[in-house]
Amino acid sequence: MVLAGLNPTASAAEKIPPWQMAVPDGRDAPLHDPMLLYNAGGLDGKVAVIGLPSMRTYRHIDVGVDLHEPVFSGTNAGNKNLTPDGKYLYVNDKGANTIGVINLQTGFMERLISLPFPFGVHHISLDDTGKFLYATGELTGKMAKIEISSGKTQVIDWGPAPSAPDYLDVDKKGRYVFSGNYYHSTVGVFSTNPFKYIKEIPVGKNPHGTDVIPESTLVLVSDKLSATMTVIDVEKLAVKKVLPTCAGPLHSVMDVYDKDGGTYEPGKDSAEGLTSKYAYESCFVSDSNVKIDLKKLEVVDEIPTHYRTGHIAISSDNSYVLALNKFSTGLFSPTGVIFPVNFELWDAREDSPTYGKTLKI
307 MVLAGLNPTA SAAEKIPPWQ MAVPDGRDAP LHDPMLLYNA GGLDGKVAVI
357 GLPSMRTYRH IDVGVDLHEP VFSGTNAGNK NLTPDGKYLY VNDKGANTIG
407 VINLQTGFME RLISLPFPFG VHHISLDDTG KFLYATGELT GKMAKIEISS
457 GKTQVIDWGP APSAPDYLDV DKKGRYVFSG NYYHSTVGVF STNPFKYIKE
507 IPVGKNPHGT DVIPESTLVL VSDKLSATMT VIDVEKLAVK KVLPTCAGPL
557 HSVMDVYDKD GGTYEPGKDS AEGLTSKYAY ESCFVSDSNV KIDLKKLEVV
607 DEIPTHYRTG HIAISSDNSY VLALNKFSTG LFSPTGVIFP VNFELWDARE
657 DSPTYGKTLK I
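Written out as structure tokens, the structure is:
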């Protein structure tokens with residue numbers, strides 16, 4: 307799930323009107339959304355395009371069988387939204403063992419990259435040049451480096467078996483790939499050129515999300531069964547700190563600021579000297595998102611969500627956090643024995659009167 311800003315030249319007030327509060331013309335939400343969310347729909351085989359902050363679904367793009375974790379083309383500078391060039395969206399298909407390439411100008415998939423079989427792809431991540439994708443083979447214990455232009459793929463083993471790499475990220479300088487392995491309860495470190503295994507770093511029980519911050523100095527690892535976050539120092543390739551966060555931590559996103567401390571606007575601002583203040587981690591069991599101060603490396607707030615948050619995203623201007631909730635028991639009119647998943651938008655602006663409150667669900 308990734309977010310793109312559409313109007314980088316507008317002022318903050320123009321970009322995000324205070325639609326969740328009383329306004330003179332009585333608008334509930336803007337008709338023109340300044341941001342778009344691209345969400346992999348899992349077993350529906352489609353990518354959903356959702357406007358923010360209105361939360362309107364604009365369309366679904368057919369791709370394949372079981373989609374997971376899309377990434378924009380461009381470079382990997384910045385936070386989990388990267389620095390998009392507005393051309394393509396890459397999304398891996400766990401069911402078909404492929405990577406779909408969506409043309410963002412036409413809104414249709416125009417190409418499939420087939421991965422070697424067997425591989426069992428779980429997640430992909432873009433490198434600093436925008437020319438390569440790295441992928442985890444959850445079902446085979448393998449890692450892959452894919453040249454986007456040709457589809458040429460290099461696969462290496464990550465033993466010993468059983469081995470299950472799932473989430474990965476590439477540091478912003480293009481030196482290392484970091485991937486969690488929930489069978490080993492470690493994070494593996496791989497060099498990018500040449501593409502090879504370097505070492506394993508022991509972390510908490512069953513690591514899930516593995517995310518590099520914009521400064522590329524730390525890797526945040528969500529230890530799913532330890533209720534902790536392991537923080538890895540990128541330069542030392544060693545654990546810096548283990549902090550208790552929440553029950554069932556799964557994924558993290560971070561805010562991002564330009565070198566002057568202002569909102570980072572890809573395509574307008576330099577990607578040099580980017581910084582971050584807070585990370586937000588989803589907590590499946592405790593039904594919440596926790597806010598982590600990246601300087602102090604401690605939890606400073608916890609926001610309730612409804613319910614069982616899995617993936618998480620942050621708006622391109624750092625104003626909103628979006629929780630993808632797997633349960634919605636009691637929230638909607640029943641249509642059967644299963645309640646739908648839901649997207650929950652909450653206000654992350656510390657100076658807002660609705661800070662920490664759910665704005666739409």
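Residues in the sequence shown are numbered consecutively from 307, following this note's numbering. Backbone N, C-alpha and C define an ideal beta-carbon position, used for all residues, glycine too.
Take the Cβ of residue i as the centre, count every other Cβ of all protein chains shown within 10 Å, and call the residue buried at 16 or more, exposed below.
i, result
"Ala467", "exposed"
"Val643", "exposed"
"His338", "exposed"
"Tyr661", "exposed"
"Phe649", "buried"
"Pro513", "buried"
"Glu656", "exposed"
"Glu453", "exposed"
"Ile408", "buried"
"Pro640", "exposed"
"Thr442", "buried"
"Arg614", "buried"
"Gly465", "exposed"
So residue i and residue j are in contact, right, with Cβ under 8 Å, and what is the actual spacing, rounded?
i, j, result
"Phe496", "Val525", "Phe496 to Val525, Cβ: 13 Å. No contact."
"Pro376", "Val353", "6 Å"
"Lys448", "Asp463", "6 Å"
"Gly486", "Val493", "6 Å"
"Pro390", "Pro659", "Wrong, their Cβ atoms sit about 31 Å apart, outside the cutoff."
"Val548", "Thr536", "5 Å"
"Ile598", "Val545", "So it is not a contact: roughly 16 Å between Cβ atoms."
"Gly515", "Thr534", "In fact, because the Cβ distance is near 12 Å, the residues do not count as touching under 8 Å."
Excluding the five sequence neighbours on either side, which residues of its own chain have a C-beta within less than 7 Å of the C-beta of residue i, listed in chain order?
i, result
"Phe423", "Asn403"
"Ala328", "Bear in mind that the predicted position of Ala328 carries a pLDDT of just 48, short of 50, making it unreliable; the figure below should be weighed with that in mind. Excluding sequence neighbours, Ala328 sits near nothing in its chain."
"Thr446", "Pro424, Phe425 and Gly426"
"His490", "Ser469 and Glu506"
Is residue i near the ligand ADP, with its Cβ less than 8 Å from a heavy atom?
i, result
"Thr389", "The ligand ADP is absent from the structure shown, which contains no ligands of any kind."
Per the DSSP calculation, residue i is bridged to which residue(s)?
i, result
"Gln460", "Lys451"
"Tyr489", "Tyr489 pairs with nothing; no bridge assigned."
"Phe496", "Val483 and Tyr503"
"His535", "Note on residue identity: the sequence assigns Met, not His, to residue 535. Paired residues: Ser528 and Leu549."
"Gly357", "Leu342"
Once you ignore the five residues that flank residue i on each side, which residues in its own chain have a CB closer than 6 Å to its CB?
i, result
"Asp539", "Lys546"
"Lys666", "Met361 and Leu651"
"Asn385", "Pro520, Met560 and Val562"
Ignore the nearest five residues each way along the sequence and tell me which others in residue i's own chain have a CB closer than 8 Å to its CB.
i, result
"Asp372", "Gly348, Leu349, Gly351, Asp399, Lys400, Gly401 and Ala402"
"Asn595", "Tyr586, Glu587, Ser588, Cys589, Glu608, Ile609, Thr611, Thr615, Ile618, Val627, Ala629 and Trp652"
Practice task
May I ask you to verify whether the segment 384 to 398 touches the segment 409 to 416, counting CB pairs closer than 8 Å and requiring at least 3?
Solution key: Look at the beta carbons and you see the segment 384 to 398 touching the segment 409 to 416: at least three pairs across the two are nearer than 8 Å.
Handout entry: contact_flag[the segment 605 to 616, the segment 561 to 572] where n(CB pairs < 8 Å) is 3 or more
Key = Counting Cβ pairs under 8 Å, fewer than three are found: no touch.
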